[in-house]
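Numbering (the numbering used here), first residue to last: 24 to 279. Cβ atoms here follow ideal geometry from the backbone N, Cα and C, with glycine treated the same way. Predicted, not measured: the structure shown is a model, and the values here were computed from it.
Okay, here's the thing in structure tokens:
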């Protein structure tokens, strides 16, 4: 099953082109998996990009993450549930995941590290060490063209891990995806963090996905914008989308 687009009455058939007026030939891109979005990004997001994926949990962002895992091998770091339940959810939506490898931080923290730790700060430090060791092993493998998804990165912040330690993790990630022509998405749950923490991480990232929703009359409208894209014009106009068994981009425009 593929991504589809919808066009409302009187609507435009295009979403804003982030490459308009730019020489984009020098920017190597990686497809997101959302076809119409990739077309308007002239092929996808910059290779080696660290992506801040900010989402309202009511907008069903996990379906977007499933879409982002499609184009290439994906290391899916899960912090909130056992991978078997994510696989079940994907199967219910007819997502195939033969190239997906799960890193089960949920199991590692709640069933191994936390029960054996003296306190939560000690457990958080131990988990940080585990994540960095996994990243070091990935770096040694010298793989190429893959995706890393943190679902979710908010978990690490909520553990009280210090900013310097978070930066060290993201520095490791950045080295890996830059050298391996790859991409990483950091799922950040809206409303969970102090603005200063969010600003720090957004500044470190190359791309910002901002997913939200609003009520219009008796309908809920999901909206996406990309206010920051390294080396490219941002997409500041909201892109409407619907969540069914896939993400469906709505290219119609609101008429005042």
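When burial is assigned at 16 or more other CB atoms within 10 Å of the CB, is residue i buried or exposed?
i: residue 186; result: exposed
i: residue 44; result: A caution first: residue 44 carries a pLDDT of 46, below 50, which makes its placement in the model unreliable, though a value can still be read off. By the neighbour-count rule (16 or more Cβ atoms within 10 Å), residue 44 is not buried but exposed.
i: residue 85; result: buried
i: residue 94; result: buried
i: residue 226; result: exposed
i: residue 282; result: Look at the range of the chain in this structure, 24 to 279, and you will see that residue 282 is not part of it.
i: residue 183; result: exposed
i: residue 219; result: exposed
i: residue 102; result: buried
i: residue 163; result: exposed
i: residue 55; result: buried
i: residue 238; result: exposed
i: residue 141; result: exposed
i: residue 143; result: exposed
i: residue 269; result: buried
i: residue 251; result: buried
i: residue 147; result: buried
i: residue 279; result: Legend: pLDDT at residue 279 = 42, less than 50; position of this residue unreliable, no value from coordinates given.
Could you have a look at residue i and say whether DSSP puts it in helix, strand or coil?
i: residue 155; result: helix
i: residue 137; result: helix
i: residue 45; result: Any reading at residue 45 must be qualified, since the residue scores a pLDDT of 48, below 50, and its modelled position is unreliable; no value is offered.
i: residue 250; result: strand
i: residue 72; result: coil
i: residue 124; result: strand
i: residue 59; result: helix
i: residue 263; result: strand
i: residue 239; result: strand
i: residue 53; result: strand
With respect to the alpha helix (DSSP H) encompassing residue i, which residues constitute its N-terminal and C-terminal limits?
i: residue 178; result: 177-181
i: residue 91; result: 84-91
For chain C, find out if any of its Cβ atoms is closer than 8 Å to the Cβ of residue i; answer yes or no.
i: residue 222; result: Among the chains of the structure shown, chain C does not appear; only one protein chain is present.
Quick one: does the C-beta of residue i sit closer than 7 Å to a heavy atom of the ligand ADP?
i: residue 129; result: Absence of the ligand ADP is noted for the structure shown, with no ligands found whatsoever.
Could you spell out where the beta strand (DSSP E) holding residue i opens and where it closes?
i: residue 108; result: Run containing residue 108: none in the beta strand (DSSP E); it sits in the alpha helix (DSSP H), 106-115.
i: residue 98; result: 96-101
**Message:** Quick check: the region 75-91 against the region 194-204, are at least 3 beta-carbon pairs closer than 8 Å?
**Reply:** no
**Message:** Any contact between the region 203-215 and the region 151-170? By contact I mean 3 or more CB pairs, one from each, below 8 Å.
**Reply:** yes
**Request:** Run through the region 159-223 for me and flag every whole beta strand (DSSP E) of 3 or more residues, listed as ranges in chain order.
**Result:** 169-174 and 206-212
**Prompt:** Are there three or more Cβ pairs, one per stretch, closer than 8 Å when the region 245-253 is compared with the region 264-273?
**Reply:** yes
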